[in-house]
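In full-length UniProt numbering, the protein residues as written are 1 to 382.
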Amino acid sequence: MDSAIPAPDDDTLELDAQDALQELQRENQALRARLENLLELAHRNQSIMARHQNFDLKIIGANSFRELITNIFSALAITSELDVVSLVLFDKYGDLQQMLADLKIDLNEFPHLLFLRHEVELSQPESALRKPQLGLYQSLAYASYFTSFNKKPASIAIIPMRRQGRLIGCLNVGSFRADRFQPNMATDFIERLGSIIAICLENVINNERLTYIGMTDPLTNVSNRRYVEQRTLEEIGRARRQRYSIACMYLDIDFFKQINDRYGHEGGDDVLKEVARRIKAELRLSDTLGRFGGEEFVVVLVNTNLHDAILVAERIRKSIASQEFTLSASGTCQATISIGLTTIDEKSNQDNASVVARDMLQRADRALYQAKNGGRNQVRCY
């Protein structure tokens, strides 16, 4: 005879219902916590994407080399929460560095920008620079990428930058966290970053080259007259604001017609190019040198008094007179230069900048006329 199964009493049913409700509440709380975490992650990812989009817009909109490099070193570190950022650019013949110097871009502003002639200077095989390298920092392999940093990163990403199949440089980023960059991480994002920066670099360098061509004398590769006149106005305004003196030199190669007659125009061109090179070698990056036409040059020395300007002018004169000029066709020749010099100080820099510039050039020209009449190969002041 079957025994009867007792029916659950009301208290048991109530306890079961409470347990089920509590379990449901726990599941609901767990789901809510997961949703909150997912929502927080979504907001974080959205914020990260927005920062990267803003960074992309900044570098794409950069119109100059200085603006682009500044954004790479400052904005990228903030955008990607990086501790170190450096940039290597390959400049095989030094042409890019020379052009930037001529454009008055002081590369000392960017200690984490490194120019190299060839990939071998990075102490790594070329094959290693075909894809991004991620992982722990190793001094033997990566020291050359981060030479400007006293504190080295714990983990790094080396991102090759290529344009039209050619390696133009490397973007190098690092973190003090050892787990930030790992060898098994996906590289799609950083490859895209390297590609965008490479395109932006090529764009601003081409823009700078167009600017450089427009302001450069094609024979001597120093500034042309138009640029010197523009630069003079800028320097007069800056000198007025900062209350310092400016010196101006007018230089003319002595008996240049005789050089042309004796050695031909090719020989004359050789002398012009070498004279420009020797003058430039005696100047600072902040000074301006330009060819005003024919065999005439003008130099503007910033923050320079008369005494110091005379010393510079004498160094230029001696550098030209003391050494023969090698001609590309054959042989050598001698050449000298006459220099007219003047200065403007705070008291004489009160008029309109165009008036001050015209007066300064006229006085330097008069001083040059005195040097010519006085026997040439000398410096005269007016």
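Even for Gly, the Cβ is constructed at its ideal location relative to N, Cα and C. Model, not experiment: these values are computed from the prediction.
Asked	Found
Tell me which same chain residues have a C-beta within less than 8 Å of the C-beta of Ser139, skipping the five on either side of it?	Lys152
Here's the rule I'm using: 16 or more other beta-carbon atoms within 10 Å means buried, otherwise exposed. How should Ile213 be labelled?	exposed
What whole-angstrom Cβ distance do Glu282 and Val312 have, given they're in contact under 8 Å?	6 Å
Candidates Pro218, Leu341, Asn373: which alpha carbon is nearest Thr304's?	Leu341
At 4 residues or longer, and completely inside the stretch 83 to 115: list those alpha helix (DSSP H) runs for me, N to C.	95 to 102
Can you find the residues in the same chain that come closer than 6 Å, C-beta to C-beta, to Met1, ignoring five residues on each side of it along the sequence?	For Met1, the predicted model reports a pLDDT of 49, less than 50, meaning its position is unreliable; a value from the coordinates is still stated below. Result list for Met1: empty, nothing under 6 Å.
Might you give, ordered along the chain, the residues of its own chain that have their beta carbon closer than 8 Å to the beta carbon of Lys96, omitting 5 neighbours on each side?	The identity of residue 96 in the sequence shown is Leu, whereas the question assumes Lys. Counting only Cβ-Cβ distances below 8 Å, and skipping sequence neighbours, we find Leu89, Phe115, Ile205.
Where Lys104 and Val85 are concerned, what is the direct C-alpha to C-alpha distance, given to the nearest angstrom?	24 Å
Considering only their Cβ atoms, is the gap separating Ala276 from Asn207 smaller than 9 Å?	no
Quick one: is Gly264 buried, meaning 16 or more other Cβ sit within 10 Å of its Cβ, or exposed?	exposed
So which of Ala75, Ile253, Leu285 has the shortest CA-CA distance to Asp270?	Ile253
Could you tell me the alpha carbon to alpha carbon distance between Ser175 and Leu136, rounded to whole angstroms?	10 Å
Should Ile339 be labelled buried (16 or more other beta-carbon atoms within 10 Å of its own) or exposed?	buried
Here's the rule I'm using: 16 or more other beta-carbon atoms within 10 Å means buried, otherwise exposed. How should Gln378 be labelled?	buried
Could you tell me the boundaries of the beta strand (DSSP E) in which Val222 lies?	First-last for Val222: undefined, no H or E at that position.
Applying the criterion that 16 or more other CB atoms from any shown protein chain within 10 Å of the CB defines a buried residue, is Glu81 buried or exposed?	exposed
Rounded to the nearest angstrom, what separates Asn373 and Ala367 at their Cα positions?	10 Å
Rounded to a whole number of angstroms, what is the C-alpha to C-alpha distance between Lys92 and Arg32?	59 Å
Locate the alpha helix (DSSP H) running through Val356, then write down its first and last residues.	353 to 373
Within 10 Å of its beta-carbon, does Thr232 have 16 or more other beta-carbons around it, so buried, or fewer, so exposed?	buried
Please state the DSSP three-state secondary structure of Ala157.	strand
What's the call for Glu295, buried or exposed, on a 16-neighbour Cβ count within 10 Å?	buried
The alpha helix (DSSP H) that contains Phe256, what's its start and end?	256 to 281
When we look at the beta-carbon of Arg284 and count the other beta-carbons within 10 Å, is it buried (16 or more) or exposed?	exposed
Please classify Val120 as buried or exposed, where buried requires at least 16 neighbouring CB atoms within 10 angstroms.	exposed
Tell me whether Met49 is buried or exposed, calling it buried when 16 or more other Cβ atoms sit within 10 Å of its Cβ.	exposed
Within 10 angstroms of its Cβ, does Thr147 collect 16 or more other Cβ (buried), or is it exposed?	exposed
Which first and last residues belong to the beta strand (DSSP E) in which Thr288 is found?	288 to 293
So, is Asp217 buried or exposed, given that buried needs 16 or more other C-beta atoms within 10 angstroms?	buried
Alpha carbon to alpha carbon, how far is Gly237 from Ser328?	42 Å
Using a 10 Å radius around the Cβ and a threshold of 16 neighbouring Cβ atoms, would you call Ala20 buried or exposed?	exposed
Give the DSSP-derived three-state secondary structure of Leu285 in the structure shown.	coil
Suppose the cutoff is 7 Å on Cβ atoms and the five residues either side in sequence are ignored; what does the same chain contact list for Lys58 look like?	Asn71, Ala75
Say whether the stretch 239 to 246 touches the stretch 345 to 352, bearing in mind that this needs 3 or more beta-carbon pairs closer than 8 Å, one atom from each stretch.	yes
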